[in-house]
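To convert, count from 1 in the sequence shown and add 8; that's our numbering.
Notes for the one structure printed next.
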Amino acid sequence: MKKFLHILFLFSLISSVSHSQLIPNLGGQRTGTSSFQFLKIGQGARAVGMGETFVAVSDDISSLYYNPAGLVEFKDNGIIINHTQWFVDTRIEYLGGVYHFKNNAIGVSVTSLRTDDMKVTTELQPFGTGEYFRYSDLAIGLSYARQMTSQFSFGVTVKYIEETLGALKMRTVVGDIATYYKTGLGTSRFAVVISNFGAQSSPSGSVDLIGGRTAESFQKFPPPTLFKVGFAMEPLLNTNNRITTSIQLNSPNDNAENLSLGAEYAWKEMLFFRAGYKFNVDSENFSLGAGFKVPISFAKANFDYGFSNFRYLGPVHRLSLTVLFPNLR
């Protein structure tokens with residue numbers, strides 16, 4: 009209980025410090041300098057409910073997105089389906105699966121973002137030309153994790169990504185590399201992840217401009233690479249109750265460094281409540297979540313809901329279904 013009170017005091021102390029004092033805006037001038045922005049949209053309602061402070065938690069299938077090294081921190085095989093109701097009627101679907109063998113795990117994931125058809129407009133036809141176009145994003149990932157010792161594991165993910173905007177299409181391959189380390193001090197652990205690192209890319213295709221001109225050459229931009237360091241522990245852990253707390257420092261290549269805090273309360277590992285807060289993130293601040301586990305004859309199913317509050321654009325809702333099957337090997 010003393011540990012729990014100390015952590016609450018620390019969270020309160022951090023909250024009382026202004027954003028500018030807590031984390032200086034060292035990278036704000038880099039805003040808007042990377043491509044494939046959909047890769048930054050968090051997946052998994054549980055992790056989002058904890059403010060995406062998940063790299064050091066990473067003990068479920070959403071590790072596919074946050075920290076592939078965490079895929080060996082649970083032993084069951086399973087799948088995750090996540091639906092995100094994004095802005096302006098945009099929907100994001102995420103599907104992932106994990107299979108374990110010995111001290112290894114492999115996983116696959118698919119992320120898809122699509123819009124409805126939109127009118128093609130020009131300077132001379134602002135109400136439409138009669139043609140339509142669509143914007144879409146796609147990412148297909150293959151992950152591998154290995155438990156090297158009882159305390160240390162690592163993981164990697166290779167992702168093929170593409171972005172389509174009308175006649176233009178941009179493709180590339182990016183990777184994640186991750187570590188997960190249990191300190192041996194209680195349940196504390198920390199993790200380091202570098203996600204979405206890869207080469208610069210530019211669109212292919214052509215666009216017709218006014219005056220009969222055509223644009224076929226476009227500037228190159230890097231993917232949204234993100235360096236993350238996280239720490240997590242359980243200040244309360246017994247038969248009926250568990251509290252998991254986590255803290256995470258994020259350093260993106262296209263924005264300022266920021267800090268996130270998160271917590272999860274579990275009652276008998278069947279009912280869950282979550283909260284998180286992001287510091288030095290202009291667009292987003294707090295998040296909330298809840299979930300419950302339903303044991304069925306052949307598997308265990310988790311239903312989770314995540315709520316993210318965006319200051320200027322409004323709330324974002326996520327729903328996740330995770331189904332775990334016993335590993336019979």
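Note that CB positions come from ideal geometry on N, CA and C, so glycine has one too.
Alpha helix (DSSP H) segment containing residue i, residue limits
| i | result |
| --- | --- |
| Y73 | 71-74 |
| A186 | From DSSP, A186 is part of no alpha helix (DSSP H) but of the beta strand (DSSP E) over 176-190. |
| R54 | 53-57 |
Other residues of its chain near residue i: CB distance less than 6 Å, five sequence neighbours each side excluded
| i | result |
| --- | --- |
| F338 | Outside the shown range of the chain (9 to 337) lies residue 338, about which nothing can therefore be said. |
| G149 | S117, T165, K167 |
| P230 | S42, Q208 |
| L176 | P211, G213 |
| S328 | G52, A53, N90, D312 |
Check whether residue i and residue j have beta carbons under 7 Å apart
| i | j | result |
| --- | --- | --- |
| Y313 | G297 | yes |
| G163 | A77 | yes |
| G238 | A199 | yes |
| A186 | N75 | yes |
Backbone CA spacing between residue i and residue j [nearest angstrom]
| i | j | result |
| --- | --- | --- |
| I31 | A309 | Because I31 carries a pLDDT of 48, less than 50, the predicted location of this residue cannot be relied on, and no value is offered for it. |
| I100 | Q93 | 7 Å |
| L257 | A55 | 15 Å |
| G206 | L47 | 13 Å |
| L146 | E170 | 5 Å |
| R197 | G40 | 33 Å |
| A307 | T330 | 10 Å |
| V106 | S295 | 27 Å |
| Q133 | A264 | 39 Å |
| R142 | L234 | 28 Å |
| L103 | I49 | 14 Å |
CB-CB length for residue i against residue j, believed under 8 Å
| i | j | result |
| --- | --- | --- |
| N266 | P232 | 14 Å between Cβ atoms; not a contact. |
| F333 | D84 | 6 Å |
| T123 | Q51 | T123 to Q51, Cβ: 18 Å. No contact. |
N- and C-terminal bounds of the beta strand (DSSP E) containing residue i
| i | result |
| --- | --- |
| M156 | M156 -> no beta strand (DSSP E), and no H or E assigned at all. |
| V237 | 234-245 |
| E170 | 160-173 |
| F333 | 322-333 |
| K48 | Careful: K48 lies outside any beta strand (DSSP E) and carries neither H nor E. |
| R122 | 112-122 |
| L267 | 266-275 |
| Q93 | 85-93 |
| F300 | 292-303 |
| F280 | 279-287 |
Contact set for residue i: own chain, Cβ-Cβ below 7 Å, skip 5 residues either direction
| i | result |
| --- | --- |
| N111 | V80, R154, Q155 |
| E139 | V128 |
| W275 | N248, N249 |
8 Å Cβ shell around residue i - same chain, five flanking residues per side excluded
| i | result |
| --- | --- |
| P323 | F315, S316, N317 |
| T130 | T137, I218 |
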